[in-house]
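Let me begin by presenting the structure, written as structure tokens, before commenting on it.
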Amino acid sequence: MPKIIQTSKVSSITKINDFVVKFANVNGSGSASANTMFAKSIFRMGIPVSPHNIFPSNIQGLPTWYEVRISEAGYLGRREGVDLMVAMNEQTIKKDIEAVVPGGYVLYDSSKTLPNELVRDDVHYLPIPLKDICLREYDKPNQRQLFKNIVYVGALAAFLKIDFKILTDIVSDQFKGKERLILPNVHALELGHQYASDNFECPLNLQLKHSNKTAAKILIDGNTAIGLGCVYGGATVASWYPLTPSTSVVDAFSTYCHRLRIDPGTGKKKFSIVQAEDELSAIGIAIGAGWNGARAFTATSGPGISLMQEFLGLAYFSEVPVVLFNIQRVGPSTGMPTRTQQGDLLACAYASHGDTKHVLLFPSSPKECFDFAVDAFDIAERLQTPVIVMSDLELGMNEQICDPLQWNDKRKYDRGKVLSAEALESIQRYGRYLDTDGDGIPYRTYPGTHPEKGSYFTRGSSHDAYAAYTEDGNVYAEVMDRLALKMRTAVKYLPKPEITAQGKHQLGMLYIGSTQSAIQEVQDNLAKKGINLNTMRIRAFPFHEEVKQFIDQHELVFVIEQNRDAQLKSLLKIECNINEQQMCSILSYNGVLITPTHIEQAILQTMPKLARSNEVPA
Amino acid sequence: MSYISKPKFKHPLLKTNDLGLTRRDYEGSLTTLCGGCGHDSISAAIIQAAAEMSLEPHRVAKISGIGCSSKIPAYFLSKAHGFNSVHGRMPSVATGANIANKELYYVGISGDGDSASIGLGQFCHIVRRRINMLYIVANNGTYGLTKGQLSATADLGSKTKSGEESLYDAIDLATLAIELGASFVARSFSGDKKQLVPLLQAGLKHKGFAFIDIISPCVTFNNTDASTHGYKNTWDNYVALSAIDYVPMRKEISTSYAPGKVKEIKLHDGSAIHLHKTSDDYDPYDKENALHHINAYKKQGKIATGLLYINQTTSDLHEIQDTFDKPFNSLGNIELCPGNAALTNINDTFR
Chain U
13 MPKIIQTSKV SSITKINDFV VKFANVNGSG SASANTMFAK SIFRMGIPVS
63 PHNIFPSNIQ GLPTWYEVRI SEAGYLGRRE GVDLMVAMNE QTIKKDIEAV
113 VPGGYVLYDS SKTLPNELVR DDVHYLPIPL KDICLREYDK PNQRQLFKNI
163 VYVGALAAFL KIDFKILTDI VSDQFKGKER LILPNVHALE LGHQYASDNF
213 ECPLNLQLKH SNKTAAKILI DGNTAIGLGC VYGGATVASW YPLTPSTSVV
263 DAFSTYCHRL RIDPGTGKKK FSIVQAEDEL SAIGIAIGAG WNGARAFTAT
313 SGPGISLMQE FLGLAYFSEV PVVLFNIQRV GPSTGMPTRT QQGDLLACAY
363 ASHGDTKHVL LFPSSPKECF DFAVDAFDIA ERLQTPVIVM SDLELGMNEQ
413 ICDPLQWNDK RKYDRGKVLS AEALESIQRY GRYLDTDGDG IPYRTYPGTH
463 PEKGSYFTRG SSHDAYAAYT EDGNVYAEVM DRLALKMRTA VKYLPKPEIT
513 AQGKHQLGML YIGSTQSAIQ EVQDNLAKKG INLNTMRIRA FPFHEEVKQF
563 IDQHELVFVI EQNRDAQLKS LLKIECNINE QQMCSILSYN GVLITPTHIE
613 QAILQTMPKL ARSNEVPA
Chain Z
7 MSYISKPKFK HPLLKTNDLG LTRRDYEGSL TTLCGGCGHD SISAAIIQAA
57 AEMSLEPHRV AKISGIGCSS KIPAYFLSKA HGFNSVHGRM PSVATGANIA
107 NKELYYVGIS GDGDSASIGL GQFCHIVRRR INMLYIVANN GTYGLTKGQL
157 SATADLGSKT KSGEESLYDA IDLATLAIEL GASFVARSFS GDKKQLVPLL
207 QAGLKHKGFA FIDIISPCVT FNNTDASTHG YKNTWDNYVA LSAIDYVPMR
257 KEISTSYAPG KVKEIKLHDG SAIHLHKTSD DYDPYDKENA LHHINAYKKQ
307 GKIATGLLYI NQTTSDLHEI QDTFDKPFNS LGNIELCPGN AALTNINDTF
357 R
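Line order of the protein sequences matches chains U and Z. FYI, in our numbering the residues of the first sequence are 13 to 630. FYI, in our numbering the residues of the second sequence are 7 to 357.
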């Protein structure tokens, strides 16, 4: 029996710990847990890995992909081109095979013959009769379907030299509590491994080798990290309406609350989760709870942001703390619900009618999702205003390698300026909206604090410093000016931009959030071509002074963002009074994470123009 | 919304309650509603109810939506915090506030536009969630603040001052509340303080979601003889299904009804309602029976009032969710933060 079926004219690519494996599946077929197992095994081998789900807005039957970038160098962005395609979806197999780079591999289910038109002469085929193996080994229809996925993971273990012990450990971990499922899964892995070893020369030239790059790291998705951050940040009230891709934020909050927030003595819950009737109610509940002194949040995405506008204006104007997690997806309207975008910057920065401005935080890693979730509650209470944490589907729903989550046990929640009954005693006349400290932040009281003092009437209508209704335009303007001052004060409490200025380069890259995954690779690749760039990652809005300074210090700054209309650039123009000529947009809005290649090409294309205008750095 | 504060002068002979407070201590700012507005009678009834039952004013939170009705919280209990939120969304704000601190009394004030139109969804869902509060709708069948358009509670054929006739069936919030599981449902009339005050008192003390639909005529835009929400029609067609007395704890029964006609309903905190039925076959504990009586009167063009339905066996949201005994807004780091050791273990599950 020949060990390998050599169909290709092009010799196979040879790479260790640096390639892309993509799984093309039908959604609802049980592939997700098998694919996750694959990625996790690589992580446990110490090799940096970044899986990306590209999935449909559907429960069963439509195409779904799982793309795994493996990079010893630690590049976690998406790389275009596929080195090994696991082609399990007949609907998309033609395009999937076309996506493979010359010399790459296609693993497919050979229970059915591959049609001639799908045979390329420049790739290598790895036929495995997955269906036949499962028909032979399993009786139940659902097992026959589910185990096909595990069998191909077993085969990949042989092809790529995945540590088999690590795989079986993952199975044991995954089925803790359902031990009867461990053996059949391990058996399925062995079936695949066996078949590959018997019929092909294993491993392939694409190989994994144990490394030490992930030893201190964790592999976690952003939404789970946010859910945990809300537990650690002291949130007691979560009100929400299910909406992809934000749903798993509240799922995670619920899971960890049930584990960590049940009073041991009484069994009672130190949290409340309300699945509201819509997003209006979801944010209304959070605002009601925030007004009454509990830390409350809601999680949503674009369509929910649209619905929450009126309430955001109320919270801004009546100065009620509330935290909102916006896991952005592709808009406008329903858009592409299961694809990623940074398209809500303007809708959130100035949400609601009238003059408003909201604090935005831009996390770029799961660890920062955790940290910013915690910080958001402190900032919201310190400033008495909504704080919107701007994540996105890419960051929220994909597992990423990051530093472990950390909590400083000495840290105390900053509950902001809240007057106790004792403090009220010493005050002659309490004014809810009096700026006694000159920082634009007044003092608030919780309902029920003091029998005589501290009560006030919260309203979205125009009010004076004592919360009384007013139609006096000057008084109204004073309040609006103080709110503007408060937003200037806000900057002091917000995370500063992260700047890497390695030298006196004249070019800079400026970006937010999930774009981070591409940046190091862009910097390294362009440096090889003699183009050096400084970078700045903005982490909060309103912007710090450093943002304008950074832009002013460079001849040209590439503003990289994942939307069509250059919303971040617009914000910079509006807020920092920056000359359009100093900024050059690099935009990506096809619904998948921006790639380093896209950024590099955009920058390179700008180079001749720069050269002509004598602005290119030497 | 009122911005005129009332003079603080108290007459030395004003009666004081168990807390040593007079009726004046329960007042709010001076009303800015039209002279004769039913809503002002509601404020007055709330002030009387709270003063009589010695409610601590600052232990009440008043929450409203938008509209004439939603201005009412400014006109009573100025020592209580108030929240005039956005149109139709009082229920969600009240829900959140209630979750944050279960130890306060919550009074939600809304109107027919606020609860039966823009906020009908939120109204339905707060009933379902069984928030422990008193929810009042000041129902005048019209949009007063925008000058007299018909509202969704205006009865078919009812006419406003401008002659506009309601061409659609009315939404009855009281029967809707009963259907959706409210555990205390009453209807009253702003003009009948004798009936309204004990209903407010019982509603405040009822553990669970208490709803009172109060017909409260709009003197400016909807008080014609052709309006079913005007004073004339209400007085003419007003039928009490029941009359109640609210009996605080430790108080002797002061009213007397014919034996057998009075039913004592014990409330959660030991106070009681003495319920006097006006019809032998009416049973306020029976949902279907209550709905049958209300609808039977409605067919005759009559308005059934009084305590319509009560159920003391349901749990409120905090009981359903089994929340911690202390209010959430009193919890800090120690009670809420699991600490770094727990996080280290959690990190291990992501390796």
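All residues carry an ideal CB built from backbone N, CA and C; glycine is no exception.
Asked, Found
"Cysteine 414 of chain U (DSSP reduced to helix, strand or coil)", "strand"
"Interface flag, threonine 248 of chain U vs chain Z, CB-CB below 7 Å", "yes"
"Residues, ordered as in the chain, of the segment 115-126 of chain Z that lie near chain U by beta-carbon distance below 9 Å", "none"
"Any C-beta of chain U under 7 Å from that of lysine 85 of chain Z", "yes"
"Buried versus exposed, by CB contacts within 10 Å (16 or more), arginine 456 of chain U", "buried"
"Local Cβ density within 10 Å of glutamine 613 of chain U, reported as buried at 16 or more and exposed below that", "exposed"
"Within chain U, partners of phenylalanine 89 of chain Z - CB distance below 7 Å", "Trp303 and Thr470"
"Closer than 7 Å at the beta carbon, the chain Z residues around leucine 431 of chain U", "Within 7 Å Cβ-Cβ: nothing; leucine 431 of chain U doesn't reach chain Z, min ~13 Å."
"Pairwise C-alpha distance: alanine 294 of chain U and leucine 240 of chain U", "20 Å"
"Any chain Z beta carbon closer than 7 Å to tyrosine 445 of chain U", "no"
"N-terminal and C-terminal residue of the alpha helix (DSSP H) that alanine 167 of chain U is part of", "153-172"
"contact_flag[the segment 82-92 of chain Z, the segment 22-41 of chain Z] where n(CB pairs < 8 Å) is 3 or more", "yes"
"Proline 631 of chain U - partner residues in DSSP beta bridges", "Missing from the structure shown is residue 631 of chain U; chain U here goes from 13 to 630 and no further."
"Partners in chain Z for isoleucine 232 of chain U, counting only beta-carbon separations shorter than 8 Å", "Phe356"
"Minimum Cβ-Cβ distance from histidine 299 of chain Z to chain U less than 7 Å", "no"
"Rounded straight-line distance, which links the Cα of arginine 273 of chain U to that of leucine 342 of chain Z", "7 Å"
"Three-pair Cβ contact test at 8 Å for the segment 245-257 of chain Z versus the segment 172-183 of chain Z", "no"
"Whole beta strand (DSSP E) elements within the segment 44-130 of chain Z, 3-residue minimum", "66-70, 87-90 and 111-117"
"Own chain partners of histidine 324 of chain Z with C-beta closer than 6 Å, once the 5 adjacent residues on each side are dropped", "Lys108"
"Closer than 7 Å to chain Z by CB, aspartate 275 of chain U", "yes"
"Neighbour-count burial assignment, proline 333 of chain U, 16 or more Cβ in a 10 Å radius", "buried"
"Residue-chain proximity (tryptophan 419 of chain U, chain Z), Cβ-Cβ < 7 Å", "yes"
"Methionine 320 of chain U, enclosing alpha helix (DSSP H) - first and last residue", "314-330"
"Separation of lysine 267 of chain Z from threonine 261 of chain Z, as counted between CA atoms", "For threonine 261 of chain Z, the pLDDT reaches just 49, beneath the cut-off of 50, and the residue's location in the model is therefore unreliable, although a value from the coordinates is still provided. Each residue's Cα considered, the two are about 12 Å apart."
"Rounded distance between the beta-carbons of alanine 46 of chain U and threonine 2 of chain U, thought under 8 Å", "Since the first and last residues shown for chain U are 13 and 630, residue 2 of chain U lies out of range."
"Residue from U:Ser318, U:Asp404 and U:Phe337 with nearest C-alpha to glutamine 353 of chain U", "U:Asp404"
"Runs of beta strand (DSSP E) lying entirely within the segment 580-621 of chain U, each at least 3 residues, in chain order", "595-599"
"Cutoff 6 Å; reference threonine 226 of chain Z; Cβ partners in own chain excluding five residues on either side", "Cys40"
"Threonine 350 of chain Z in three-state terms, based on DSSP", "helix"
"Assigned exposure category for serine 83 of chain U - 16 Cβ within 10 Å defines buried", "buried"
"One or two residues paired with aspartate 233 of chain U in a DSSP bridge", "U:Glu411"
"Proximity winner among U:Pro349, U:Phe374, U:Gly347 and U:Thr346, relative to leucine 357 of chain U (alpha-carbon distances)", "U:Phe374"
"Pair within 7 Å by beta-carbon distance, alanine 4 of chain U and glycine 302 of chain U", "Summary: the structure shown does not reach residue 4 of chain U, with chain U confined to residues 13 through 630, and so no result is reported for it."
"Reduced DSSP secondary structure (H/G/I, E/B, other) of serine 62 of chain U", "strand"
"6 Å CB neighbourhood of tyrosine 468 of chain U in its chain, flanking five on each side removed", "Arg444 and Ala479"
"Cβ of isoleucine 297 of chain U within 7 Å of any chain Z Cβ", "yes"
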